[in-house]
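A.B. asks:
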Amino acid sequence: MLKNYIKVAWRNIWKNRLFSLINIISLSIGISASIVIGMMVYFESTFDTFQKDGDLIYRVTTNFTSKDGVDYNPGVA
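For reference, each letter of the sequence shown is one residue, going 4 to 80 in the working numbering.
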């Protein structure tokens with residue numbers, strides 16, 4: 004039965020090649036973007052967790068405006 008489902012799915016994919024290609028590409032872009040966003044959120048949320056009392060530590064940044072725009076630089080202690 005599973006073999007029959009795979010056969011029918013393959014025929015539909017092959018019949019509508021362009022539509023299937025667009026769907027597969029957009030699905031892969033969406034999944035990879037979700038993974039990247041999840042990794043960024045995880046990194047930012049666990050930034051100082053290895054420190055004792057990490058919830059009391061803050062990151063200081065300085066902003067300065069140059070001719071080209073605003074640049075953000077981390078503070079150095």
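Where is the CB? At the ideal position from N, CA and C, for every residue including glycine.
Determine the DSSP secondary structure at V44, reduced to helix, strand or coil.
C.D. replies: Against the sequence shown, residue 44 aligns to sequence position 41. Correct three-state label for V44: helix.
A.B. asks: Pull up the distance between the alpha-carbon of N7 and that of R20, whole angstroms please.
C.D. replies: Here residue 7 is taken as the residue at index 4 of the sequence shown, counted from 1. Here residue 20 is taken as the residue at index 17 of the sequence shown, counted from 1. Roughly 20 Å between the two C-alpha positions.
A.B. asks: For N15, report the span of its beta strand (DSSP E) as first-last.
C.D. replies: Counting from one through the sequence shown, the residue named residue 15 turns up at place 12. Taken as a continuous stretch (DSSP letters only), N15 belongs to no beta strand (DSSP E), being part of the alpha helix (DSSP H) at 5–18.
A.B. asks: Under three-state DSSP, which class holds F50?
C.D. replies: In the sequence shown, the residue the question calls residue 50 occupies position 47. Here F50 sits in coil by DSSP.
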